[in-house]
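There are 2 protein chains.
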Amino acid sequence: MAQAPEKFVSSYLLYLLAASSEAASHQFHARVRQLGLRVPEWRVLACLFDQDGLMITQLARFSLMEQSRMTRIVDQMEKRGLVVRRSDAGDGRRVRVYLTDDGRMLSTQLVFEAKEHENRLLSALTPADAERIKPSLLRLLDALNSSLISND
Amino acid sequence: MAQAPEKFVSSYLLYLLAASSEAASHQFHARVRQLGLRVPEWRVLACLFDQDGLMITQLARFSLMEQSRMTRIVDQMEKRGLVVRRSDAGDGRRVRVYLTDDGRMLSTQLVFEAKEHENRLLSALTPADAERIKPSLLRLLDALNSSLISND
DNA sequence: GAATAAAATATGAAATTTCATATAAATTGA
DNA sequence: TCAATTTATATGAAATTTCATATTTTATTC
Chain A
512 MAQAPEKFVS SYLLYLLAAS SEAASHQFHA RVRQLGLRVP EWRVLACLFD
562 QDGLMITQLA RFSLMEQSRM TRIVDQMEKR GLVVRRSDAG DGRRVRVYLT
612 DDGRMLSTQL VFEAKEHENR LLSALTPADA ERIKPSLLRL LDALNSSLIS
662 ND
Chain B
512 MAQAPEKFVS SYLLYLLAAS SEAASHQFHA RVRQLGLRVP EWRVLACLFD
562 QDGLMITQLA RFSLMEQSRM TRIVDQMEKR GLVVRRSDAG DGRRVRVYLT
612 DDGRMLSTQL VFEAKEHENR LLSALTPADA ERIKPSLLRL LDALNSSLIS
662 ND
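As they're listed, the protein sequences go chains A and B.
All letters in the first sequence, in the order written, are residues 512 to 663 by the numbering used here.
All letters in the second sequence, in the order written, are residues 512 to 663 by the numbering used here.
What follows is the structure, encoded as structure tokens:
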């Protein structure tokens, strides 16, 4: 029941990655929506928690989405009072996005909950898996970003 | 450069999973679009390659998307001649989706390419990682689906 | 064997996302 | 320095996606 079909898909690496990401995020994303945020907005808050004043383009890249979509997400977050735009002093093309007090409170709370949730996830794994998973994913990301896998 | 901001996000499990999934899929998904398909359509083809005649609901679950969206994706694939709907003999509510000859050719070709691509990905990892990644993700999925991580 | 509930799919309408491109500012290079 | 590029953001319009719910068929319960 609720079992993926046999053969190809259920052991295909890209499926396993997408499905794991989906399943691992499911519960926390429900919490995010419970707070009236959408997932992309939470991602923006998390990025700005780490480094306030990021550019639209950077936010888009770190949040894994397109620039024009990020522009609109920042629009909404700004209307909602979670962030403010300020144009960069030295380069007028750049728009830097800053947390408001409200935004900072919310991001602090959510980052806290995210860490708790992550700990619960990790504790559901075997100790060996729990210890290895993040380093392996980091190495995978590194392999993907550096060599980008030859296409020839 | 193109480095995620320090601190929280760049080592957050849900970020690493989403980013890995994204990065690992990027190249192959570009190939899918090159063939005039969208990613959800490729997922349907892959599911039906494994098991023809799946229901809309099953396709939606395996393809990680909502039922009403899957209904519309099947609409488009049907218009395009990749699949056909047939209502289930024994249960009139169920709509079963079958590959057409064109759909089967395309799915066969793409599954072949997907396996090639997967091999290239795996060969970019260390042998230890390459050997472990799928089993670990399967265990992660299993842990997530079975216990679903207590929420109490 | 009706009545009620559940399951599977479809659909209208609103919202979001994408795509191409516009706008504006900075950089390059002749 | 001026024209041509490049970079950063925004935006209109089309397409997709979501949400709530309708429709249809099967299962359950009394």
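A virtual CB, placed ideally from N, CA and C, is assigned to each residue, including glycine.
Since the structure is predicted, the reported quantities are computational estimates derived from the model, not experimental observations.
First and last residue of the uninterrupted alpha helix (DSSP H) at L546 (chain A): It is not in any alpha helix (DSSP H) - L546 (chain A) carries neither H nor E in the DSSP assignment.
Counterpart residues of E566 (chain A) in DSSP-defined beta bridges: With the sequence shown as reference, residue 566 (chain A) is identified as Met, and Glu is not the correct amino acid for it. According to DSSP, which records beta bridges pairwise, M566 (chain A) is partnered with A:R607.
Taking only beta carbons into account, state which residues of the segment 522-549 of chain A come closer than 9 angstroms to chain B, listed in chain order. S522, Y523, L524, L525, Y526, L527, L528, A529, A530, S531, S532, E533, A534, A535, S536, H537, Q538, F539, H540
To the nearest angstrom, report how far apart R572 (chain A) and D602 (chain B) are at their CA atoms. 47 angstroms
As assigned by DSSP and simplified to three states, the class of S634 (chain A): helix
In the structure shown, what three-state DSSP assignment does S734 (chain B) receive? Since the displayed chain B opens at 512 and closes at 663, residue 734 (chain B) lies outside it and no answer follows.
Determine the contact status of L570 (chain A) and V555 (chain A), defining contact as a CB-CB distance below 7 angstroms. yes
R583 (chain A) to P551 (chain A), Cα distance in whole Å? 11 angstroms
Check the C-beta distance from D612 (chain A) over to K518 (chain B) and give it rounded, since I have them as a contact under 8 angstroms. Not confirmed; about 20 angstroms, so no contact.
At least one CB of chain A closer than 7 angstroms to the CB of V520 (chain B): is that the case? yes
Residue nearest to G592 (chain B) in terms of C-alpha spacing, selected from B:V608, B:R650, B:L655: It is B:V608.
In terms of residues, what are the limits of the beta strand (DSSP E) holding R591 (chain A)? Unbroken run through R591 (chain A): none, as it is neither H nor E.
Using 8 angstroms as the threshold, is the segment 530-537 of chain A in touch with the segment 535-546 of chain B, meaning 3 or more CB pairs across them? With a cut-off of 8 angstroms, the segment 535-546 of chain B and the segment 530-537 of chain A do not count as touching, because too few Cβ pairs lie within range.
Proximal chain A residues relative to V594 (chain B), where beta-carbon distance stays under 7 angstroms: Residues of chain A whose Cβ lies closer than 7 angstroms to the Cβ of V594 (chain B) do not exist; the shortest such Cβ separation is about 15 angstroms.
So which residues on chain B does I567 (chain A) lean against when the C-beta distance must stay under 7 angstroms? Using a Cβ-Cβ cut-off of 7 angstroms, I567 (chain A) is close to nothing in chain B; its nearest Cβ partner there is about 14 angstroms away.
Can you find at least 3 beta carbon pairs, one from the segment 624-639 of chain B and one from the segment 631-639 of chain A, that sit closer than 8 angstroms? no
Using a beta-carbon distance cut-off of less than 7 angstroms, what residues from the segment 607-631 of chain B approach chain A? Taking 7 angstroms as the Cβ-Cβ cut-off against chain A, the residues of the segment 607-631 of chain B that qualify are V622, A625, E629, R631.
Whole-angstrom C-beta distance between I644 (chain A) and S647 (chain B), which should lie under 8 angstroms: 6 angstroms
Where A666 (chain A) falls, given that 16 or more other Cβ within 10 Å makes a residue buried: Nothing can be reported for residue 666 (chain A): it is not among the residues displayed for chain A, which extend from 512 to 663.
Find the residues of chain B that neighbour R643 (chain A), judging by a C-beta separation of less than 8 angstroms, and give them in chain order. R643, S647
If I'm right that L548 (chain B) touches S531 (chain A) with Cβ under 8 angstroms, what's the distance once you round it to whole angstroms? Actually they are not in contact, since the Cβ atoms of L548 (chain B) and S531 (chain A) sit about 24 angstroms apart, beyond 8 angstroms.
L649 (chain B) versus A:N656, A:S657, A:D640, residue with shortest Cα-Cα distance: Nearest to L649 (chain B) by alpha-carbon distance, out of A:N656, A:S657, A:D640, is A:D640.
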